[in-house]
Amino acid sequence: MANSVRVFLSATLRSFIEGYDAFSGLEIPIGEPITITQLCQKIGIPWERVKIAMVDGKKVAANHMVKGGERVALFPAVGGG
């Protein structure tokens, strides 16, 4: 759909969406262009939990506008040692 974006969540971000399917992601309708931050709000993921956002395979900033038809991937901060 041209007026929607496909969103894929990684790691702990998946826990925000009950029944999230990692294979197909989420098809999120958008009426008009919105920022990545607004997209996160729309699907119920606090922006503070997102470390990296990618649109069509390229890293983008929080204020990047999606217009529809894009693939968005969201990644949390990962700790370890």
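Numbering (this note's numbering), first residue to last: 3 to 83. Glycine included, C-beta positions come from ideal geometry on N, C-alpha and C.
- Restricting attention to Leu11, Glu50, Arg8, the CA atom closest to the CA of Ala64 is found in Glu50.
- With respect to Arg16, Val74 sits apart: the two C-beta atoms are not nearer than 8 Å.
- Residue ranges of uninterrupted alpha helix (DSSP H) with 4 or more members, entirely inside the segment 35 to 80 and ordered along the chain, are 38 to 45.
- By the criterion of a C-beta distance shorter than 8 Å, Gly46 is surrounded in its chain by Phe18, Ile19, once the five residues flanking it on both sides are discounted.
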